[in-house]
Structures are given as structure tokens and as C-alpha cells.
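Residues in the sequence shown are numbered consecutively from 105, following the working numbering.
Below is one structure, written out as C-alpha cells; comments come after it.
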Amino acid sequence: MLKTQKIPVIINCDTGIDDAVAIMIGVKSEKLDIKLITTDVGNVNTRQSAINTLNVLEILHAPEIPVVVGDGRCFVRERARFTAHGNNGLGGFELKNNPRKITEGDAVEEMYKTIMESEQKITIICISPTTNLARLFTEHADCIDKIEKVVVMAGSIEDIGENEMPYPEFNVSGDPEAGEVLLNSNVDIMIVPMEMGHTAYLDWKDVFDTKNLNNTGEILEKIYRSYKDRHVKNGIATHDGCAVAYLTNPELFEVSDVFAEIKYYDSIDTGVLVMDFDKSPNTKTCIKVNTQKFKKVYFKCLKKCD
Ligand code: RIB
Ligand code: CA
Numbered sequence: 105m106l107k108t109q110k111i112p113v114i115i116n117c118d119t120g121i122d123d124a125v126a127i128m129i130g131v132k133s134e135k136l137d138i139k140l141i142t143t144d145v146g147n148v149n150t151r152q153s154a155i156n157t158l159n160v161l162e163i164l165h166a167p168e169i170p171v172v173v174g175d176g177r178c179f180v181r182e183r184a185r186f187t188a189h190g191n192n193g194l195g196g197f198e199l200k201n202n203p204r205k206i207t208e209g210d211a212v213e214e215m216y217k218t219i220m221e222s223e224q225k226i227t228i229i230c231i232s233p234t235t236n237l238a239r240l241f242t243e244h245a246d247c248i249d250k251i252e253k254v255v256v257m258a259g260s261i262e263d264i265g266e267n268e269m270p271y272p273e274f275n276v277s278g279d280p281e282a283g284e285v286l287l288n289s290n291v292d293i294m295i296v297p298m299e300m301g302h303t304a305y306l307d308w309k310d311v312f313d314t315k316n317l318n319n320t321g322e323i324l325e326k327i328y329r330s331y332k333d334r335h336v337k338n339g340i341a342t343h344d345g346c347a348v349a350y351l352t353n354p355e356l357f358e359v360s361d362v363f364a365e366i367k368y369y370d371s372i373d374t375g376v377l378v379m380d381f382d383k384s385p386n387t388k389t390c391i392k393v394n395t396q397k398f399k400k401v402y403f404k405c406l407k408k409c410d
């Protein structure tokens with residue numbers, strides 16, 4: 105695709121293992137003009153997420169993309185964090201002497217500057233808690249008109265939780281107040297819920313094929329060994345990869361209008377995204393993904409790596 109036809113995006117992430125898959129698809133799809141990557145509180149601290157992101161960009165031989173560390177504090181109050189992504193958020197993967205360095209500055213200010221300076225409206229892909237977005241919309245509401253849409257990996261459609269409670273999907277439960285700001289903003293949102301990454305998961309044959317494809321695949325397979333998802337036992341969930349794939353290949357997904365809100369539960373001391381398809385809609389969500397087509401996109405992008 106001509107560069108002019110590429111979709112200008114900002115990626116907000118907490119790199120993490122499935123974030124790495126998302127960045128690989130985002131870079132190798134050649135359909136996105138990734139202007140900026142910012143990191144949020146999540147799988148690991150924001151600085152480590154930035155280091156992980158730079159390491160992924162380097163092994164992908166990606167174009168130069170500024171990576172700016174997020175503030176690291178939650179929007180309203182600190183929340184317990186956990187990591188399912190190994191000791192450094194990327195299964196322990198480290199790159200010695202990466203020439204790519206963190207771009208110093210304030211993540212939210214860099215988001216604002218990038219959006220305001222862009223001739224085209226910017227699409228934001230959020231594959232982490234939405235703390236940076238909440239600050240952006242609160243401190244710089246004038247940029248909202250220049251945002252095409254926000255594609256956010258968040259929540260779940262079904263009540264896949266336990267004891268009568270929806271599952272506390274991490275990108276929401278990590279900072280639910282920030283999620284509320286996003287939902288209540290006037291920005292067009294496409295939710296990519298957990299069911300997408302649970303459906304289009306990489307099975308062990310896909311992981312074996314990944315390892316044997318090329319050097320990047322070999323690195324990814326090692327990273328995958330640290331990924332734990334309580335709903336996918338026989339493979340690797342692709343939550344964040346699905347969020348990016350929604351933008352690069354929307355034909356893979358079926359979408360629906362939906363009413364979504366954040367509900368708080370004392371028992372888990374955080375909030376959860378709850379969807380209701382019977383109420384008057386306030387946003388949109390993916391409801392189905394074509395797994396085979398997703399895997400084709402994944403391997404087509406991976407084949408472009410070395
Ligand atoms: O619940 C899945 C989400 O939480 C993914 O974005 C994963 O990387 C973690 O951030
Ligand atoms: Ca993530």
C-alpha cells in the first residue's frame with residue numbers, strides 16, 4: 105500500500121507477550137503508519153514495557169518509531185498488578201546493545217502533539233490499560249475531534265467470570281476509572297474483547313511452525329513459553345494481536361453495536377467492563393473472528409521477518 109494510504113496510528117501498550125505479536129503484525133502488515141508508541145501500567149512497569157517494545161521493534165527491523173514511557177500511575181488510585189508474561193514482561197527475553205533508545209518526554213504530551221500535528225485523523229490502538237488515554241482526554245479534550253477512533257483490547261462479551269461476576273479482564277481491571285473516561289468520551293470506539301484472542305489463539309502446531317519459520321519466530325516461541333492465560337490451555341491467546349488485526353484486516357471480524365459500562369465489585373476491589381446487547385448501544389464491539397484468516401495474517405507477517 106502507498107504510504108499515503110497507510111492508517112496513521114498511535115499504539116498504547118504494556119509490552120507483554122501478546123503485545124509483541126500485535127506490534128509484529130502492526131509493523132509487518134505494511135498497512136499502518138505507526139507514528140508513536142506509548143506505554144502504560146500493565147504487564148510490567150511502563151519503563152520495562154518501553155524497553156520490551158524497543159527490543160521487539162529491533163528484532164523486526166522496524167522503521168524508527170518513538171517509544172515514550174507512560175507516567176506509570178493509575179488514573180485515580182493504585183491497583184494491584186500481576187503479570188502473566190514472565191519476569192520482565194517478555195518471558196525474560198532481552199536484547200543486548202539495542203541501538204534503539206527510549207524517547208524522553210511525557211507520553212500524554214507526545215500523544216497530544218502527534219495528534220494535533222497530523223494532517224490525517226489518528227487512530228489509537230490501546231492494548232493495555234487506558235490510563236494514558238484517560239489523561240489525554242481529560243487534559244487535552246481539544247484533540248478528540250482529531251482522533252479517528254480508538255481500537256481497544258478490553259473486557260469480555262460473555263460473563264466468563266466466576267461466582268456471578270464478569271471476568272475482570274486486565275486492561276480494564278488494571279485501571280477501571282480510566283476505562284470509564286474512555287467509554288464516556290465522544291470518541292468512536294471499537295472494543296476487541298477477550299473472546300477474540302481466546303478464539304483465534306495459536307495452537308501448539310502454530311507455535312511449532314512459528315519456531316521453525318525464522319529467527320524471529322524462534323525468539324517468539326521462546327517468549328511464548330512464559331505466557332499464561334487461564335482460558336487458553338492449549339496454545340497462546342492473541343488478545344492484542346486481534347486488536348491490531350481489526351485495523352489491518354477488519355474483514356476477519358464480525359462487529360455489533362453494544363451497550364458497555366464499567367461496573368465495580370467490592371469483592372475484587374476493581375471495575376469490570378460489562379456488555380449488554382439489549383440496551384440502547386453506546387459503542388461497538390467485535391463479536392466474532394475468523395481464526396483461520398487471523399492465522400494467515402499472523403504467518404504472512406511473520407514470514408516478512410528474518
Ligand atoms: O487481558 C489481556 C490483556 O491484558 C492484554 O492486553 C495483555 O497484554 C494484558 O495487557
Ligand atoms: Ca497488552
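Ideal placement from N, C-alpha and C gives every residue a C-beta, glycine not left out.
Every value quoted in this text rests on a predicted model; they were computed, and no experiment measured them.
Tell me where the beta strand (DSSP E) around residue i begins and ends.
i       : result
Glu-252 : 251 to 257
Cys-230 : 226 to 231
Thr-142 : 136 to 143
Residue i and residue j look like a contact to me (Cβ under 8 Å); what is the Cβ gap, rounded to whole Å?
i       : j       : result
Asn-236 : Asp-144 : 5 Å
Ile-141 : Ile-115 : 5 Å
Leu-287 : Gly-339 : With 8 Å as the limit, Leu-287 and Gly-339 do not qualify as a contact, their Cβ atoms being about 31 Å apart.
Thr-227 : Val-160 : With a Cβ gap of about 20 Å, Thr-227 and Val-160 do not count as contacting.
Ile-121 : Gly-195 : 6 Å
Glu-325 : Lys-309 : About 12 Å; that fails the 8 Å criterion.
Lys-253 : Met-294 : 6 Å
Glu-273 : Leu-377 : 6 Å
Lys-407 : Leu-317 : 7 Å
Val-348 : Tyr-328 : Not confirmed; about 17 Å, so no contact.
Ala-375 : Pro-280 : Residue 375 is actually Gly in this sequence, not Ala. Their Cβ separation, rounded to whole angstroms, is 3 Å, which keeps Gly-375 and Pro-280 in contact under 8 Å.
Residue i lies in the alpha helix (DSSP H); which residues open and close that run?
i       : result
Asn-156 : 150 to 163
Val-125 : 121 to 132
Ile-323 : 319 to 328
Leu-194 : Taken as a continuous stretch (DSSP letters only), Leu-194 belongs to no alpha helix (DSSP H), as it is neither H nor E.
Cys-405 : 395 to 407
Val-276 : 274 to 277
Ala-347 : 343 to 352
Glu-223 : Note, Glu-223: premise wrong, no alpha helix (DSSP H); not H, not E.
Thr-303 : 298 to 303
Ala-238 : 235 to 243
Specify the secondary structure class of residue i as computed by DSSP and reduced to three states.
i       : result
Lys-217 : helix
Cys-390 : strand
Pro-170 : coil
Met-269 : coil
Pro-203 : coil
Ile-372 : coil
Phe-357 : strand
Ala-364 : strand
Val-425 : As displayed, the chain neither begins before 105 nor continues past 410, which places residue 425 out of reach and without an answer.
Asn-116 : strand
Cys-261 : Per the sequence shown, the amino acid found at residue 261 is Ile instead of Cys. Looking at Ile-261 - three-state DSSP - the assignment turns out to be coil, as it is neither helix nor strand.
Asp-175 : coil
Gly-339 : strand
Asp-210 : coil
Val-378 : strand
Asp-307 : strand
Asp-410 : coil
How would you call residue i, buried or exposed, if buried means at least 16 neighbouring beta carbons within 10 angstroms?
i       : result
Met-105 : Unreliable placement is indicated for Met-105, whose pLDDT of 47 sits below 50; the coordinate value is still reported in the next sentence. Under this definition Met-105 is an exposed residue.
Phe-398 : buried
Asp-382 : exposed
Lys-107 : Residue confidence for Lys-107 is low, a pLDDT of 49 falling below 50, so the modelled location carries little weight; the figure read from the coordinates is stated next. Looking at its Cβ environment, which holds fewer than 16 other Cβ atoms inside 10 Å, Lys-107 is exposed.
Glu-299 : buried
Ala-239 : In the sequence as presented, Ala is not what sits at residue 239; that position holds Arg. By the 10 Å Cβ count, Arg-239 comes out buried.
Ser-277 : buried
Asn-319 : exposed
Ser-384 : exposed
Tyr-368 : exposed
Gln-109 : exposed
Glu-70  : The first residue shown for the chain is 105 and the last is 410, placing residue 70 beyond what the model contains.
Met-379 : buried
Asp-263 : exposed
Pro-270 : buried
Gln-224 : exposed
Ser-371 : exposed
Tyr-402 : buried
Under 8 Å between C-beta atoms, does residue i make it to chain C?
i       : result
Lys-326 : The structure shown has no chain C; it contains just one protein chain.
Is there contact here, the segment 130 to 139 with the segment 244 to 252, by at least three beta-carbon pairs under 8 Å?
no
Using 8 Å as the cut-off, can you tell me whether the segment 161 to 181 makes contact with the segment 207 to 224, which would need three or more C-beta pairs spanning the two stretches below that distance?
yes
Determine contact between the segment 395 to 409 and the segment 353 to 365, defined as no fewer than three beta-carbon pairs at a distance below 8 Å.
Short answer: they touch.
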